[in-house]
Amino acid sequence: MYISHHGAAQGVTGSCHELHIYQQHSLLIDCGLFQGEEQQAAACEFFHQGIKAVFITHCHVDHVGRLPALFDAGYQGPVYCSNVTAALLPTVMSDALHLTHADNESYAAACLAKLKHALCPLPTARWLALAELPSVRIRLLDSGHILGACSLEVEYQQQRVVFSGDVGNVDTPIVHDPQSPEHADLLVLESTYGDRQHDNREQRQQRLQQIIEQAISNRGTVMIPAFAIGRTQELLYELHEIIQQQPQWQALPVVLDSPLATRITEQYQTLANYWDESAQAHLRRGDDPLNFPLLHRVSNYQQHIGLVNRLRQFAEPCIVIAGSGMCTGGRIQHYLQALLPDARHDLLFVGYQAHGTPGRQIQSAQRGDWVTIAEQQVQVNAAIHTISGYSAHADQAGLLNYIENMNQLPKAVRLVHGDNNARRELAKAIKRRFNIPVSTTGKKSALAGAHTTTQQSVRPKTLNREESQ
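Just remember that the numbering used here sits 267 ahead of the position in the sequence shown, which is counted from 1.
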């Protein structure tokens with residue numbers, strides 16, 4: 268077996284890894300879209316002939332956004348994923364197709380129909396023989412990134428490859444903690460934050476509370492660009508907890524202004540059986556952390572524009588969660604254009620900002636600098652904050668613990684889904700702590716029995732905004 272990396276081999280976006288099994292038969296693990304600078308720099312193509320099955324670790328666009336291109340190329344096999352991902356993925360793909368093919372509704376409908384036909388939900392924590400390749404066994408394990416996110420174990424002829432997918436943090440609201448595999452001949456491990464440590468849950472809640480207190484004092488707005496899947500629901504959960512403990516905040520509105528995030532949040536509520544025990548305990552007490560009295564959902568575009576103008580003109584403290592998470596599109600851009608020049612307001616980043624995105628540009632700006640938001644020059648006078656503890660990706664310590672919690676150490680590790688420094692620093696830490704081989708570069712990762720194949724390339728249409736990580 269060997270792996271061809273068609274994305275996220277040397278960057279964070281575009282996750283797509285092809286595991287070659289035997290006789291030109293392979294499995295595709297994720298099929299994601301490139302974003303930010305990687306969108307321009309990366310060759311957005313891969314091969315589909317010989318792929319017997321596709322596995323999706325979770326439904327962020329940087330892991331699923333090239334599925335339409337795969338279908339366009341003629342792929343007609345199954346798309347395997349967890350039960351939760353199978354429930355959420357059509358909603359995510361419908362939103363993505365609306366952006367990329369707004370002028371071609373028939374194409375979008377046909378692509379969505381292909382996806383729904385191909386989806387094959389699987390249980391977690393259970394070994395299964397793969398129907399398309401009966402000599403191959405697979406198993407999904409919770410990875411703790413977002414609801415439904417999983418790692419994938421693949422076993423063939425007593426060799427085991429593990430694809431971690433995106434590994435989350437311990438003690439994240441709603442989702443189960445990451446579950447480490449038992450062992451691996453090769454562990455393909457994400458490294459998004461392999462070079463840093465996050466705030467813990469108590470620290471991040473304290474920082475969030477301080478930022479809100481500052482906004483209330485200034486009678487301003489806390490703008491939070493958030494990814495529709497995972498981050499939004501985690502924020503709502505913790506805002507609900509914090510506000511309950513602060514009697515003076517009982518009139519502070521929390522606004523969810525993202526059509527996709529609203530739909531996903533509603534689906535999260537229908538999937539409550541998959542929540543962790545702590546979140547389910549809230550529900551048993553009649554307390555829904557995703558639907559509390561101070562939460563207001565913006566229902567239409569006219570209401571959105573009205574709210575933006577109101578917050579610009581009047582001193583009304585408010586918390587606004589809006590997409591997209593990297594500020595590359597979506598309703599957050601209108602809030603930024605209107606409120607970023609005003610020092611009364613605060614902008615809080617809670618997720619990864621890829622190089623080349625407006626979010627990274629703002630995050631790196633000093634007060635008084637000018638940034639470009641939707642082709643408009645905007646001066647940065649609002650306070651800019653970043654809380655790393657809300658990331659859905661484990662930090663270096665979390666990734667090391669993911670390895671340490673395996674029953675046996677992996678024989679080798681291949682780092683993906685991270686920028687150069689993150690992969691380099693995590694590789695050093697793994698070698699220092701476990702003394703096992705780690706690779707960080709290259710388009711292929713060898714395991715055993717490499718084969719060569721001649722296959723047809725696939726190019727997707729570019730997506731103009733992200734809902735990732």
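Note that beta-carbon positions come from the ideal geometry of N, C-alpha and C, so glycine has one too. No experiment lies behind these values; they were computed from the predicted model shown.
Just how far apart, CA to CA, sit residue i and residue j?
| i | j | result |
| --- | --- | --- |
| residue 422 | residue 471 | 39 Å |
| residue 354 | residue 536 | 12 Å |
| residue 278 | residue 552 | 43 Å |
| residue 275 | residue 605 | 35 Å |
| residue 308 | residue 505 | Low local confidence applies: a pLDDT of 48 at residue 308 is under 50, so the model's placement there is unreliable, with the coordinate-based value given in what follows. Residue 308 and residue 505: Cα-Cα distance of roughly 37 Å. |
| residue 649 | residue 600 | 14 Å |
| residue 440 | residue 289 | 41 Å |
| residue 616 | residue 493 | 8 Å |
| residue 683 | residue 518 | 45 Å |
| residue 653 | residue 291 | 46 Å |
| residue 637 | residue 588 | 23 Å |
| residue 409 | residue 446 | 6 Å |
| residue 369 | residue 376 | 11 Å |
| residue 640 | residue 595 | 8 Å |
| residue 417 | residue 580 | 45 Å |
| residue 539 | residue 644 | 43 Å |
| residue 655 | residue 628 | 17 Å |
| residue 598 | residue 385 | 32 Å |
| residue 533 | residue 548 | 18 Å |
| residue 699 | residue 340 | 44 Å |
| residue 567 | residue 546 | 29 Å |
| residue 511 | residue 287 | 52 Å |
| residue 468 | residue 438 | 8 Å |
| residue 705 | residue 474 | 35 Å |
| residue 311 | residue 301 | Note on residue 311: pLDDT 47, under 50, position unreliable in the model; no value is reported. |
| residue 543 | residue 642 | 42 Å |
| residue 662 | residue 672 | 15 Å |
| residue 575 | residue 680 | 48 Å |
| residue 350 | residue 433 | 17 Å |
| residue 529 | residue 515 | 27 Å |
| residue 557 | residue 507 | 8 Å |
| residue 270 | residue 456 | 13 Å |
| residue 701 | residue 707 | 16 Å |
| residue 509 | residue 476 | 7 Å |
| residue 280 | residue 333 | 12 Å |
| residue 565 | residue 571 | 6 Å |
| residue 541 | residue 634 | 43 Å |
| residue 360 | residue 526 | 14 Å |
Taking 8 Å as the cut-off, decide whether the C-beta atoms of residue i and residue j are in contact.
| i | j | result |
| --- | --- | --- |
| residue 344 | residue 319 | yes |
| residue 593 | residue 428 | no |
| residue 430 | residue 381 | no |
| residue 550 | residue 497 | no |
| residue 659 | residue 461 | no |
| residue 347 | residue 328 | no |
| residue 618 | residue 495 | no |
| residue 531 | residue 367 | no |
| residue 448 | residue 420 | yes |
| residue 282 | residue 317 | no |
| residue 325 | residue 412 | yes |
| residue 453 | residue 678 | yes |
| residue 335 | residue 364 | yes |
| residue 501 | residue 602 | no |
| residue 459 | residue 685 | yes |
| residue 676 | residue 426 | no |
State the CB to CB distance for the pair residue i and residue j, rounded to an integer number of angstroms; the pair is presumed to be in contact (CB under 8 Å).
| i | j | result |
| --- | --- | --- |
| residue 630 | residue 620 | 5 Å |
| residue 703 | residue 586 | Actually they are not in contact, since the Cβ atoms of residue 703 and residue 586 sit about 45 Å apart, beyond 8 Å. |
| residue 379 | residue 391 | Rounded, the Cβ-Cβ distance is 25 Å, inconsistent with contact. |
| residue 356 | residue 405 | With a Cβ gap of about 18 Å, residue 356 and residue 405 do not count as contacting. |
| residue 465 | residue 674 | The Cβ separation is near 26 Å, so there is no contact. |
| residue 330 | residue 297 | 4 Å |
Is there at least one Cβ from chain C nearer than 8 Å to residue i's Cβ?
| i | result |
| --- | --- |
| residue 708 | Looking for chain C here will not work: only one protein chain is present. |
Fill in: Sufficient close CB pairs (3 or more, under 8 Å) joining the segment 604 to 617 to the segment 479 to 491
yes
Discussion item. At 4 residues or longer, what runs of the alpha helix (DSSP H) sit wholly inside the segment 513 to 583?
Written reply: Those alpha helix (DSSP H) runs which fall completely within the segment 513 to 583 and span 4+ residues are 526 to 537, 544 to 551, 568 to 580.
Fill in: Contained beta strand (DSSP E) runs [length at least 3] in the segment 407 to 478, N- to C-terminal order
Note on the segment 407 to 478: whole beta strand (DSSP E) runs with a minimum of 3 residues are 417 to 423, 426 to 430, 453 to 457, in chain order.
Worksheet item: Going along the chain, which unbroken runs of the alpha helix (DSSP H) with 4 or more residues stay wholly within the segment 631 to 701?
Response: 663 to 671, 687 to 701
Discussion item. Contact between the segment 660 to 670 and the segment 681 to 701 is defined here as three or more beta-carbon pairs at a separation below 8 Å; is this criterion met?
Written reply: yes
Worksheet item: How do the segment 553 to 569 and the segment 517 to 532 stand: do at least 3 beta-carbon pairs fall below 8 Å, yes or no?
Response: yes
Worksheet item: Which whole runs of the beta strand (DSSP E) in the segment 360 to 392 are 3 residues long or more, in chain order?
Response: 386 to 389
Item to complete: Would you list, in sequence order, the uninterrupted beta strand (DSSP E) runs of no fewer than 3 residues that lie entirely inside the segment 269 to 309?
Response: Fully enclosed beta strand (DSSP E) runs of 3 or longer: 269 to 274, 283 to 289, 292 to 296.
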